[in-house]
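Residue numbers (UniProt numbering), protein chains in the order written: chain A, 1 to 191; chain B, 1 to 191.
Quick reminder that beta carbons are idealized off the backbone N, C-alpha and C, glycines included.
Small disclaimer: the values here were computed from a predicted structure and weren't measured.
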């Protein structure tokens, strides 16, 4: 439940209360049904304060997640250019993030999602509304198949993360990025 | 560290001490370097007792893992028949296990491996020595590529588990098994 919050706009307790209320609301009700008003009520603050701190509902959602990259920044890069090479760009980008210092945050998020149903629900909402939804219109497959294809690509990335970065199965764990791109991208291309 | 153990052959404390020592040893030294003698010493029992309770080193390792299926029983079924259809049989079998009551144990093992480095190491040793090693000779790809292909297939299965059973991303989470087999198997076939 929401704690009583302080009065100063920059109060870290207030920020934290809003984020906590937002995580609960997004996980419980889903992204669509969640509202800034409801989150503000649950945090015991004015909705204007939520907007002031975090901007739009989408921006608030991203602030909730500690996601290692901002999809709004990254997806346009992955989706630009030849549709047939989306798979290749996606895998290359994915490896760059996980091989970088941000990979630590990515492993932490994966740990949290696997061990905690709330984080799993949040991550599911996040991947669906902030990533897959933006990717679907760009896919060249039959629109009826696109949602399944998109979740299959998500599963390929999740599996790569599990085996290369968490379980560290060799030789995949130490394979150079270009070898992994060449091996994985054909199956996620044109999807 | 090993606790003092009782004297009766069927003593559950003794069994538990041996299993604990075995998990530590397999995770720390790897399957190859681990020995029944070393595990017995660490558990404070006679090596003959370890053999008596658990049989061979391989059987002891399987007893350590709470793995939802016995690879020694399952792999021959997956590997029998047309090599080109190994991928299809593997995915079908994988879904049957995860969709069954054993799926609960599988999720638990995945949770444990993601949150605990020791379990991750154990699982890595297990997948490498009890599964991948037995699969490699059956693959029809260039033997130089086989280990990487095998770990890529492992990553596909791990990703399917993550997205279908842990994150539950739709429509993959509710897709009928045959739809998933048709979508995933082509990429793991002939590997």
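Near chain B, meaning a CB-to-CB distance below 7 Å, the residues of the segment 111-138 of chain A are 111, 113, 114, 115, 120, 123, 124, 127, 128. The residue among A:171, A:155, A:168, A:167 with its C-alpha nearest the C-alpha of residue 164 of chain B is A:155.
Residue 167 of chain B carries a coil assignment under DSSP once its states are collapsed to helix, strand and coil. In the three-state reduction of the DSSP assignment, residue 126 of chain A falls in the helix class. Residue 24 of chain A and residue 30 of chain A have their C-alpha atoms roughly 10 Å apart. Among the residues of chain A, those whose CB is under 8 Å from the CB of residue 147 of chain B are 170, 171, following chain order. Contact annotation: residue 93 of chain B and residue 114 of chain B have beta-carbon atoms that are not nearer than 8 Å. Proximity to residue 97 of chain A across A:19, A:161, A:169, A:185 peaks at A:161, based on C-alpha coordinates. Taking C-beta separations shorter than 8 Å and ignoring five residues to either side along the sequence, the partners of residue 68 of chain A in its chain run 97, 102, 103, 105, 106, 109, following chain order.
At the C-beta level, residue 95 of chain A and residue 120 of chain B stay beyond 8 Å of one another. Cβ-Cβ separation between residue 131 of chain A and residue 71 of chain A: approximately 5 Å, consistent with a contact (criterion under 8 Å). For residue 158 of chain A, the C-beta contacts it makes with chain B under 7 Å involve 159, 162, 163, in order along the chain. In this structure, residue 50 of chain B sits away from residue 86 of chain B, with a CB-CB distance that is not shorter than 8 Å. Residue 175 of chain A belongs to the set of residues whose beta carbon lies under 8 Å from a beta carbon in chain B.
Collapsing the DSSP output to three states places residue 172 of chain A in coil.
The C-beta of residue 124 of chain B has 16 or more other C-beta atoms within 10 Å across all chains shown, which makes the residue buried. For the 8 Å CB-CB criterion, residue 147 of chain B and residue 148 of chain A do not form a contact.
The DSSP-derived three-state label of residue 141 of chain A is coil. When A:175, A:57, A:151, A:42 are compared, the shortest CA-CA separation from residue 32 of chain A is found for A:57.
Contact of residue 95 of chain B with chain A by beta-carbon distance below 7 Å is absent, the smallest such distance being about 12 Å. Within the segment 42-80 of chain B, the runs of alpha helix (DSSP H) that reach at least 4 residues and sit entirely inside it are, in chain order, 47-54, 57-65, 71-79. Within the model, the alpha-carbon separation for residue 176 of chain B versus residue 169 of chain B is close to 14 Å. Per DSSP, reduced to three states, the secondary structure at residue 12 of chain B is helical.
For the C-beta of residue 183 of chain B, the chain A residues within less than 9 Å are, from N- to C-terminus, 145, 148, 149, 152. Between the alpha carbons of residue 21 of chain A and residue 27 of chain A lies a distance of about 10 Å. Taking all protein chains shown into account, residue 179 of chain A has fewer than 16 neighbouring C-beta atoms within 10 Å of its C-beta and is therefore exposed. At the C-beta level, residue 126 of chain B and residue 54 of chain B stay beyond 8 Å of one another. Our two residues, residue 136 of chain A and residue 151 of chain A, have alpha carbons roughly 10 Å apart in a direct line. Ranked by Cα distance from residue 63 of chain B, the options B:16, B:141, B:133, B:159 are led by B:16. For residue 69 of chain B, the closest Cβ of chain A is not nearer than 8 Å. Rounded to whole angstroms, residue 140 of chain B and residue 83 of chain B show a C-alpha spacing of 7 Å. When rounded, the separation of the alpha-carbon atoms in residue 14 of chain B and residue 39 of chain B is 12 Å. Contacts with chain A at 8 Å (Cβ-Cβ) include residue 166 of chain B.
Counted as a single uninterrupted DSSP element, the alpha helix (DSSP H) harbouring residue 113 of chain B occupies residues 102-115. Non-local C-beta neighbours of residue 34 of chain B in its own chain, meaning closer than 6 Å and more than five positions away in sequence, comprise 25, 26, ordered along the chain.
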